[in-house]
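I have placed the structure first, in the form of structure tokens, so that the comments after it can refer back to it.
Chains as they are written, first to last, in my numbering: chain A, 954 to 1090; chain B, 696 to 1070.
Below, the structure written as structure tokens:
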């Protein structure tokens, strides 16, 4: 689905900083939204969190960089990193080509998901949010 | 309200726009990486109309510019130019500029967009005791940089005059589709190329500028020309080891520290900043601008700390990933004793320390890339 040129997906939760979270049984997969990758353009470097690292909702859990810019990746939920997408190390462009798929960043074991979900947007709310920010531009 | 250049309509249609130095400019069109590649391998076209242009004329024009700048303006013949700076009394750089002589009593000074207002004031204030005329032409002359190994072939296709004869830093008159232009053998990418000045092209009547811009893109099509934005411009100039005003040089750095000391001709006579620069030269500079190759994965950027054995020795003033080289490069100032090719340093990037080493600039192999490349 799309708002203007920006894609989003059903079944995901979203932050205002344009990270996404998808619940996979007792774990959560995390990535960057289409809007974020389009703003950065040509992502050339990703600094991934370490497996085992504790992350806190809306605190930086890593960075992605384009040739000219650096952006933090904010954790959509708190928990422990159990897997990272090591493919991104050599192919950071996956973040551009497949932000909701092969360009995922990490999987976490959430520690307070019910609480954290309250601070995230569902697809409908995120679509509204995208609409507001693209109108401002 | 931000300003627009003569070809803004094109940027808006095809580029990703940002505000830079008070202008709405394209940061990229297709992308920084393909735009850098076009310039290194074939040809790229930049709108640099946002830069400042001052026409200096009159009997004392040479004497004035020789006082205003440390390079030897008296040594310029008509249709010759050079890179230079303007310094304050302390030897600090007010701006880095290009001075070109068109005739015995006619010069053009080109300066940075970010310093437009400051430079116009500085030039005007310092010109009072000279018999000259200043014509601030920034808004009535458009300027495009055509850069890369196919730049001259591109321009040649649409100009009556022979452009292969224009030497580096030389210039000549040019007619493109009946529009009066001049071309200089300059640019800021490290590559060979021309900068095209389009005359009678005020911002509110931009058709001549548009005509030349479109003609360049059309002529360059067979070489896969790319329109290029500020993003690739910054990467290309850094790969070539060139200074960006406001990042690498400013009023607190001197040309000797920035290693552009060749523009300082102490023997030519009096000029603004001479005393301070002569003193610094005699005593020796304490710090120097160096090129650094980042050995670890990661990108050094302006403001990051440069360390030697854990001790802070300087700061990065510009840094980027070099798409050409495939690793990160940076420039910054360090105490003179660390200015040795191969000297190992570290750069603090957020919570990590990246290994780096001091290398010569340009960062690329000059036999393969840049204007001195061997075909």
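For each residue, glycine too, the CB sits at the ideal point set by N, CA and C.
Query: Under 8 Å by beta carbon: chain A residues contacting residue 996 of chain B; Result: 1023
Query: 6 Å CB neighbourhood of residue 870 of chain B in its chain, flanking five on each side removed; Result: 855
Query: Beta-carbon spacing of residue 717 of chain B, residue 811 of chain B below 9 Å; Result: yes
Query: Range of the contiguous beta strand (DSSP E) that encloses residue 923 of chain B; Result: 921 to 923
Query: Whole-Å CB distance - residue 1052 of chain A paired with residue 986 of chain A, under 8 Å assumed; Result: 6 Å
Query: Chain-order list of residues whose beta-carbon lies under 7 Å from that of residue 1079 of chain A (same chain, five-residue window excluded); Result: 961, 967
Query: Reduced DSSP secondary structure (H/G/I, E/B, other) of residue 968 of chain A; Result: coil
Query: Buried versus exposed call for residue 1004 of chain A [16 or more other C-beta atoms within 10 Å across all chains shown]; Result: exposed
Query: Closest residue to residue 751 of chain B among B/867, B/821, B/789 (Cα-Cα distance); Result: B/821
Query: Sequence-distant residues of its chain with Cβ nearer than 6 Å to residue 963 of chain A (five each side left out); Result: 1076
Query: Residue 729 of chain B, enclosing beta strand (DSSP E) - first and last residue; Result: Per DSSP, residue 729 of chain B belongs to no beta strand (DSSP E); it is in the alpha helix (DSSP H), 727 to 736.
Query: From A/993, A/1045, A/977, A/981, residue whose alpha carbon lies closest to that of residue 971 of chain A; Result: A/993
Query: CA-to-CA distance, residue 1046 of chain B to residue 756 of chain B, given in whole angstroms; Result: 53 Å
Query: CA nearest to the CA of residue 859 of chain B, picked from B/888, B/831, B/829; Result: B/888
Query: Where residue 1014 of chain B meets chain A, residues with beta-carbon distance less than 7 Å; Result: Here the premise fails: no neighbours, minimum Cβ distance about 11 Å.
Query: Residue 806 of chain B versus B/838, B/784, B/1021, residue with shortest Cα-Cα distance; Result: B/838
Query: Presumed contact (8 Å Cβ cut-off) between residue 996 of chain B and residue 953 of chain B, rounded CB distance; Result: That pair is no contact at about 19 Å.
Query: Spatial distance of residue 1066 of chain A from residue 983 of chain A (CA atoms); Result: 13 Å
Query: Extent of the continuous alpha helix (DSSP H) to which residue 852 of chain B belongs; Result: 846 to 853
Query: Interface positions of the stretch 971 to 1000 of chain A facing chain B (Cβ-Cβ less than 9 Å), listed along the chain; Result: 994, 995, 997, 998, 1000
Query: Contact check, residue 905 of chain B vs residue 701 of chain B, beta carbons under 9 Å; Result: yes
Query: Residue 1070 of chain A - containing alpha helix (DSSP H), residue span; Result: 1066 to 1070
Query: Extent of the continuous beta strand (DSSP E) run through residue 1119 of chain A; Result: It is not possible to answer for residue 1119 of chain A, since the shown part of chain A is limited to 954 through 1090.
Query: Residue 726 of chain B: contacting residues in chain A (beta-carbon distance under 9 Å); Result: 994, 995, 1020
Query: Interface partners of residue 930 of chain B on chain A, CB under 7 Å; Result: 1020
Query: Per-residue contacts from residue 885 of chain B into chain A (C-beta, under 8 Å); Result: Those do not exist, as residue 885 of chain B stays about 17 Å from chain A at its closest Cβ, beyond 8 Å.
Query: Short Cβ contact (9 Å threshold) for residue 1083 of chain A with residue 959 of chain A; Result: yes
Query: Residue 877 of chain B burial status per 10 Å Cβ neighbour count (16 or more: buried); Result: buried
Query: Enclosing alpha helix (DSSP H) for residue 908 of chain B [first to last residue]; Result: 902 to 914
Query: Given 8 Å, three or more beta-carbon pairs between the stretch 1006 to 1018 of chain B and the stretch 987 to 996 of chain B; Result: yes
Query: Distance between residue 890 of chain B and residue 775 of chain B (C-alpha atoms, nearest Å); Result: 13 Å
Query: is_contact[residue 1047 of chain B, chain A] using C-beta, thresh 9 Å; Result: yes
Query: Short CB-CB distance (under 9 Å) between residue 721 of chain B and chain A; Result: no
Query: First through last residue of the beta strand (DSSP E) which encompasses residue 890 of chain B; Result: 888 to 893
Query: Beta carbon proximity, residue 1042 of chain A to chain B, threshold 9 Å; Result: yes
Query: Candidates B/1057, B/841, B/1042: closest to residue 1051 of chain B by CA position; Result: B/1042
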